[in-house]
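Student: First to last, the sequence lines map onto chains Y and B. Counted from 1, the first sequence has number 190 at position 190 by this note's numbering; the numbering is strictly sequential. Counted from 1, the second sequence has number 1224 at position 224 by this note's numbering; the numbering is strictly sequential. Here it is, the structure in full.
Number of protein chains: 2
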Amino acid sequence: MSAMNRTTDDLRDRGRTPPDQSRLCIHTATTRPLPLEAAVDEYVRAGVRGITVWRDALAGRSARAAGDRIRRAGLEVVSLCRGGFFVNADEEERIVAIEENRSAVREAAELGAPLVVLVCGADPAVPLPLAREQIRTGIEAVLPLASQLGVKLAIEPLHPMYADTRSAITDLATANRMCEEIDSPALGVAVDVYHLWFDPSLETEIERAGERVLAFHVCDWRTPTRDLLTDRGLMGEGCIDIPAIRGWVEAAGFDGFIEVEIFSTEYWALEQRSYIERIVGAYEAHV
Amino acid sequence: MSAMNRTTDDLRDRGRTPPDQSRLCIHTATTRPLPLEAAVDEYVRAGVRGITVWRDALAGRSARAAGDRIRRAGLEVVSLCRGGFFVNADEEERIVAIEENRSAVREAAELGAPLVVLVCGADPAVPLPLAREQIRTGIEAVLPLASQLGVKLAIEPLHPMYADTRSAITDLATANRMCEEIDSPALGVAVDVYHLWFDPSLETEIERAGERVLAFHVCDWRTPTRDLLTDRGLMGEGCIDIPAIRGWVEAAGFDGFIEVEIFSTEYWALEQRSYIERIVGAYEAHV
């Protein structure tokens, strides 16, 4: 077969080594219909070893007690999602956001999560260069507390289709530059294949990030994608070359959990136990 | 007002010089309900001076006669949209695509269009690096005929949300690199604000493109964007800093038409004469 006839699946299969199942982590947002306690039980039942807790899943609970319960069940808390949203045309709101991020860092410490993932924020009324200044200011304001409590922060570059309201940081190069400028051991990046898969400089930028890669998120890009927010696919259902990107983050030194983060109205409508089994299968076959 | 309190509108207003109305061009796809002849009449009525013709608008017509009619009405043909779609897992289909692009070039020559805009193509079954090779092969196969007929080709980088099925070229850097490597006077780029507005390297890459900027497309990014394909906004309705980007393409030497390309089920449902008047107003106020 000539080079011009190879297709995605051929290339993906070539030399792929499935990741160890002990590295599988699921986000509570992936199984959103399940309350935290049920999610923990179902993940354990399916042999999953890590959990990333979304803050809404902690509502009405003690973070410390939730963390203890998670660990007693045999799961590791991988990260707390999510902080950020530092960008606002209104200065008062930016101060509120910084306080909210400090609360998230305290919550992470209580939960026993070593990391808070940052969806850095955007506001259609704030031009992107200014938004990036606001993000930097916000991160710098939160980092001292994070360092003090032993919690790291990860800038997660988002897909450019979220540049109006969710993140003015839409590529890994910009996240890397900000990390280099701030230069704190408590600051790194989260690599999510959904947001970055199309970037021709991704391999180079992951190498540049090196040990600053603090998290690795997987799902897939469906064709067609029917909704900008809630139509992500299970690994293997789309066109993202996840094994290649996993290879790049591992070459950069990352050996942590591989986190399944899927927002999908279609999957949230399923019976969640069998959905979690499908996630485990997709992880084994397509990551 | 401090730098941190400036908002998009403040920055946009600062020093903006409205573009000359003689540079306004509308794409037939923007007013899709109108047959070509009606579009021509309505554009002229509204004082528009340029038209970009989509190939579907020529169905059942002689391109030469259509071009003559357009010019007699007082409009200039700015470009023909669109060629491209060079990427396919199937080699036979790639050969068909190249022939189809040669037909588009002949059609442009007959119409009197100096430019064919390329939506370069993508296929979820073809990995992006390979897709980019197929695009380069396709462009190189079409360029000799284009040069011979005096028609230029413009690579239009598309928004990354189209990287699965429409274009494996999702940033201006990649388009520039391909132009530099192929190095033909008949090849350049099309800058569409919708696809590129969020890119921190956009100003630099437009400067790098220089005289290779062959087309400039405008519309706006709406919040929320309700559909990935057909929910573009009129200029001024969204968060794109169009005057800034116009400044960059003009600094690069571009003084051609400013093309309004809006796919919108909402606007296609309107009475098109008053919609065209709104386009003219939005062009004067927000470009």
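C-beta atoms are modelled at their ideal positions from N, C-alpha and C, and glycine is treated no differently. The structure displayed is predicted, hence computed values, not measured ones.
Tell me, please, which residues DSSP counts as bridged to Asp1217 (chain B).
Tutor: Stepping through the second sequence from its first residue, residue 1217 (chain B) is reached at position 217. For the record, residue 1217 (chain B) in the displayed sequence is His; it is not Asp. Bridge partners of His1217 (chain B): B:Asp1192 and B:Glu1259.
Student: Would you check whether the ligand HEM has a heavy atom nearer than 6 Å to the C-beta of Trp54 (chain Y)?
Tutor: As far as ligands go, the structure on display features none, and thus does not contain the ligand HEM.
Student: Please confirm whether Gly1236 (chain B) and Ala1285 (chain B) have their CB atoms less than 7 Å apart.
Tutor: As a first step, residue 1236 (chain B) is located in the second sequence; it is residue number 236 there, counting from the start. As a first step, residue 1285 (chain B) is located in the second sequence; it is residue number 285 there, counting from the start. Yes; because the gap between Cβ atoms is below 7 Å, this pair is in contact.
Student: Determine the contact status of Val218 (chain Y) and Val260 (chain Y), defining contact as a CB-CB distance below 7 Å.
Tutor: By 1-based counting over the first sequence, the position of residue 218 (chain Y) is 218. By 1-based counting over the first sequence, the position of residue 260 (chain Y) is 260. Yes. Within cutoff.
Student: Is the distance from the Cβ of Pro160 (chain Y) to the Cβ of Leu172 (chain Y) below 7 Å?
Tutor: Counting from 1 along the first sequence, the entry for residue 160 (chain Y) is found at position 160. Counting from 1 along the first sequence, the entry for residue 172 (chain Y) is found at position 172. Cβ atoms of Pro160 (chain Y) and Leu172 (chain Y): not closer than 7 Å.
Student: Please check if any C-beta of chain D sits within less than 7 Å of the C-beta of Asp1164 (chain B).
Tutor: In the structure shown, chain D cannot be found, because the protein chains are Y and B.
Student: Looking at the unbroken alpha helix (DSSP H) that takes in Val1287 (chain B), where does it start and where does it end?
Tutor: Here residue 1287 (chain B) corresponds to residue number 287 of the second sequence, with the count starting at 1. From DSSP, Val1287 (chain B) is part of no alpha helix (DSSP H); its letter is neither H nor E.
Student: Could you have a look at Thr31 (chain Y) and say whether DSSP puts it in helix, strand or coil?
Tutor: The residue given as residue 31 (chain Y) occupies position 31 in the first sequence. Of the three classes helix, strand and coil, the one that applies to Thr31 (chain Y) here is helix, per DSSP.
Student: Should Ile240 (chain Y) go down as buried or exposed, given a rule of 16 or more other Cβ atoms within 10 Å for buried?
Tutor: What you label residue 240 (chain Y) is simply residue 240 of the first sequence in a count that begins at 1. With 16 or more Cβ atoms within 10 Å of its Cβ, Ile240 (chain Y) is classed as buried.
Student: Which residues in the same chain as Glu207 (chain Y) place their Cβ atom closer than 8 Å to its Cβ, once the five residues preceding and following it in sequence are excluded?
Tutor: Along the first sequence, read from residue 1 onward, the residue named residue 207 (chain Y) stands at position 207. Excluding positions up to five away in sequence, the list reads Trp248, Ala251 and Ala252.
Student: Please list the residues of the segment 205–230 of chain Y that have a C-beta atom closer than 7 Å to any C-beta atom in chain B, keeping them in chain order.
Tutor: Cβ contacts with chain B: Trp221, Thr223, Thr225 and Leu228.
Student: When you compare only the Cα positions, how much space is there between Arg16 (chain Y) and Gly281 (chain Y)?
Tutor: Here residue 16 (chain Y) corresponds to residue number 16 of the first sequence, with the count starting at 1. Here residue 281 (chain Y) corresponds to residue number 281 of the first sequence, with the count starting at 1. For Arg16 (chain Y) and Gly281 (chain Y), the distance between alpha carbons rounds to 15 Å.
Student: Nearest-angstrom Cα distance between Met1004 (chain B) and Gln134 (chain Y)?
Tutor: What you label residue 1004 (chain B) is simply residue 4 of the second sequence in a count that begins at 1. What you label residue 134 (chain Y) is simply residue 134 of the first sequence in a count that begins at 1. Caution is warranted here: a pLDDT of 40 is assigned to Met1004 (chain B), below 50, making its placement in the model unreliable, and no coordinate value can be reported.
Student: For His1027 (chain B), I'd like the list of residues in its chain whose CB is within less than 7 Å of its CB, leaving aside the five on either flank, ordered along the chain.
Tutor: By one-based count along the second sequence, residue 1027 (chain B) stands at place 27. Result list for His1027 (chain B): Thr1052, Trp1054, Cys1081, Glu1259, Val1260 and Glu1261, in chain order.
Student: What is the residue span of the beta strand (DSSP E) that Ser1079 (chain B) lies within?
Tutor: Numbered from 1 along the second sequence, position 79 holds the residue referred to as residue 1079 (chain B). First-last of the beta strand (DSSP E) with Ser1079 (chain B): Glu1076 to Gly1084.
Student: Report the rounded CA-to-CA distance for Val117 (chain Y) versus Asp227 (chain Y), giving the unit in angstroms.
Tutor: Sequence index remark: in the first sequence, residue 117 (chain Y) carries index 117 (1-based). Sequence index remark: in the first sequence, residue 227 (chain Y) carries index 227 (1-based). Using only the alpha carbons, I get a separation of about 23 Å.
Student: Our contact map puts Phe128 (chain Y) next to Ala163 (chain Y) with C-beta atoms below 8 Å; I'd like the distance itself, whole angstroms only.
Tutor: Walking along the first sequence from the start, residue 128 (chain Y) turns up at place 128. Walking along the first sequence from the start, residue 163 (chain Y) turns up at place 163. The sequence given here places Leu at residue 128 (chain Y); Phe does not occur at that position. With a Cβ gap of about 7 Å, Leu128 (chain Y) and Ala163 (chain Y) count as contacting.
Student: Checking 7 Å against the spacing of the C-beta atoms, do Arg94 (chain Y) and Asn101 (chain Y) come in under that value?
Tutor: In the first sequence, counting from the first residue as 1, residue 94 (chain Y) sits at position 94. In the first sequence, counting from the first residue as 1, residue 101 (chain Y) sits at position 101. No.
Student: From Phe1263 (chain B) to Val78 (chain Y), what distance separates their C-alpha atoms?
Tutor: Along the second sequence, read from residue 1 onward, the residue named residue 1263 (chain B) stands at position 263. Along the first sequence, read from residue 1 onward, the residue named residue 78 (chain Y) stands at position 78. Cα-Cα distance, rounded: 42 Å.
Student: Do Ser1167 (chain B) and Cys1120 (chain B) come within 7 Å of each other at the CB atom, strictly closer than that value?
Tutor: Position 120 of the second sequence holds residue 1120 (chain B). Position 167 of the second sequence holds residue 1167 (chain B). Yes, the Cβ-Cβ distance between Cys1120 (chain B) and Ser1167 (chain B) is below 7 Å.
Student: I'd like to check one pair, Leu58 (chain Y) with Val105 (chain Y): are the Cβ atoms closer than 7 Å?
Tutor: Counting from one through the first sequence, the residue named residue 105 (chain Y) turns up at place 105. Counting from one through the first sequence, the residue named residue 58 (chain Y) turns up at place 58. Not a contact, by the Cβ cut-off of 7 Å.
Student: Using a beta-carbon distance below 7 Å, is Thr1007 (chain B) in contact with chain Y?
Tutor: Position 7 of the second sequence, counted from the first residue, corresponds to residue 1007 (chain B). Because the pLDDT of Thr1007 (chain B) is 48, which lies under 50, any placement of that residue in the model is unreliable, and the question is left without a value.
Student: Quick one: which residues of the segment 264–275 of chain Y get their C-beta closer than 8 Å to a C-beta of chain B? List them in chain order.
Tutor: Residues passing the 8 Å Cβ filter: none.
Student: Going by beta carbon distance, what residues of the same chain come within less than 8 Å of Cys179 (chain Y), once the five residues before and after it are set aside?
Tutor: Sequence index remark: in the first sequence, residue 179 (chain Y) carries index 179 (1-based). If we look at Cys179 (chain Y) and ignore the five residues flanking it on each side, its Cβ neighbours are Ile155, Leu187, Gly188, Val189, Ala209 and Arg212.
Student: With DSSP collapsed to three states, give me the class of Thr1230 (chain B).
Tutor: To locate residue 1230 (chain B), count along the second sequence from 1; it is residue 230. Looking at Thr1230 (chain B) - three-state DSSP - the assignment turns out to be coil, as it is neither helix nor strand.
Student: According to DSSP, simplified to helix, strand and coil, what is Trp197 (chain Y)?
Tutor: Residue 197 (chain Y) sits at position 197 when you count from the first residue of the first sequence. Reduced to three states, the DSSP call for Trp197 (chain Y) is coil.
Student: Between the alpha carbons of Ala122 (chain Y) and Ile1276 (chain B), how many angstroms are there, rounded?
Tutor: Position 122 of the first sequence, counted from the start, is the residue given in the question as residue 122 (chain Y). Position 276 of the second sequence, counted from the start, is the residue given in the question as residue 1276 (chain B). Cα to Cα, Ala122 (chain Y) sits roughly 32 Å from Ile1276 (chain B).
Student: In terms of residues, what are the limits of the alpha helix (DSSP H) holding Val96 (chain Y)?
Tutor: In the first sequence, counting from the first residue as 1, residue 96 (chain Y) sits at position 96. Looking at the DSSP string, the run of the alpha helix (DSSP H) that includes Val96 (chain Y) is Glu91 to Leu111.
Student: Determine the closest residue to Leu1075 (chain B) out of B:Tyr1194, B:Gln1021 and B:Glu1099, with distance taken between C-alpha atoms.
Tutor: Here residue 1075 (chain B) refers to the residue found at position 75 when the second sequence is read from its first residue. Leu1075 (chain B) has its Cα closest to that of B:Gln1021, out of B:Tyr1194, B:Gln1021 and B:Glu1099.
Student: Pull up the distance between the alpha-carbon of His195 (chain Y) and that of Thr170 (chain Y), whole angstroms please.
Tutor: For the purposes of this step, residue 195 (chain Y) is taken as the residue at position 195 of the first sequence. For the purposes of this step, residue 170 (chain Y) is taken as the residue at position 170 of the first sequence. Each residue's alpha carbon lies about 8 Å from the other.
Student: Which residue marks the beginning of the beta strand (DSSP E) containing Ala154 (chain Y), and which one marks its end?
Tutor: For the purposes of this step, residue 154 (chain Y) is identified with residue 154 of the first sequence, where counting begins at 1. Element bounds for Ala154 (chain Y): Lys152 to Ile155.
Student: Which whole-angstrom value is the C-beta distance of Gln272 (chain Y) and Glu91 (chain Y), which I expect to be below 8 Å?
Tutor: Here residue 272 (chain Y) is taken as the residue at index 272 of the first sequence, counted from 1. Here residue 91 (chain Y) is taken as the residue at index 91 of the first sequence, counted from 1. Actually they do not touch by this definition, with Cβ atoms about 42 Å apart.
Student: Residues of chain Y with a CB under 8 Å from the CB of Phe1085 (chain B): which are they?
Tutor: Counted from its first residue, the second sequence places residue 1085 (chain B) at position 85. None at all; the shortest Cβ gap to chain Y is about 15 Å.
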